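Here the structure comes first, spelled out in structure tokens, and everything after it is commentary.
In this note's numbering, the protein residues as written are 1308 to 1475.
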């Protein structure tokens, strides 16, 4: 019994560490980002491949308002978008399974300055195999996933990965 509890505790700690340290999952690299269309907070439909076609790099972040690591990374995404939004970089936040009014209120009160899409059915979350949030994908201008980060990320990591792609 005691041995089982130790293993379970170690397993839980490992999962929490992975979810909160921004581990990059390399198995997504080089795959084409699956296309999707979702409504934004204003009700307009946004298609991912239309965004990719018009940008040098697209940062796609899956998140929820109730998620502490998601909340923690929002200020870095705001700063990142402010700095790189005019340099051909798109940031799209895909909210998973929450009501539009709740997300809109949260986004306004937190100063989220980038497009937020609503995946109320988790269809796109399943398409991207989102098992933990936040999860961030960095997609190049040809639509290839170049990086997948599970867990929260930060400004320095986003800048390093995107700057390298902008130089290519």
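For every residue, glycine included, the Cβ atom is placed at its ideal position computed from N, Cα and C. These numbers come from a predicted model, not from an experiment.
Cβ-Cβ distance between residue i and residue j below 8 Å
| i | j | result |
| --- | --- | --- |
| residue 1383 | residue 1402 | no |
| residue 1431 | residue 1399 | no |
| residue 1356 | residue 1458 | no |
| residue 1410 | residue 1372 | yes |
| residue 1395 | residue 1362 | yes |
| residue 1455 | residue 1442 | yes |
| residue 1345 | residue 1407 | no |
| residue 1420 | residue 1378 | no |
| residue 1429 | residue 1381 | no |
Whole-Å CB distance - residue i paired with residue j, under 8 Å assumed
| i | j | result |
| --- | --- | --- |
| residue 1445 | residue 1468 | 5 Å |
| residue 1364 | residue 1472 | 5 Å |
| residue 1452 | residue 1340 | 5 Å |
| residue 1342 | residue 1354 | 7 Å |
Own chain, CB closer than 6 Å to residue i, minus 5 neighbours either side, in chain order
| i | result |
| --- | --- |
| residue 1462 | 1383, 1386 and 1387 |
| residue 1335 | 1452 and 1455 |
| residue 1397 | 1358, 1362 and 1365 |
Residues bridged to residue i (per DSSP)
| i | result |
| --- | --- |
| residue 1346 | 1352 |
| residue 1397 | 1365 |
| residue 1452 | 1446 |
| residue 1425 | 1402 |
| residue 1339 | 1451 |
| residue 1370 | 1402 |
Minimum C-alpha distance to residue i - residue among the options
| i | options | result |
| --- | --- | --- |
| residue 1448 | 1366, 1344, 1374 and 1417 | 1366 |
| residue 1375 | 1436, 1345, 1460 and 1412 | 1460 |
| residue 1369 | 1470, 1474 and 1437 | 1437 |
Spatial neighbours of residue i in its chain, beta-carbon cut-off 7 Å, leaving aside the 5 residues before and after
| i | result |
| --- | --- |
| residue 1405 | 1371 and 1372 |
| residue 1414 | 1348 and 1423 |
Same chain only: Cβ atoms within 8 Å of residue i, ignoring 5 sequence neighbours per side
| i | result |
| --- | --- |
| residue 1475 | 1447 |
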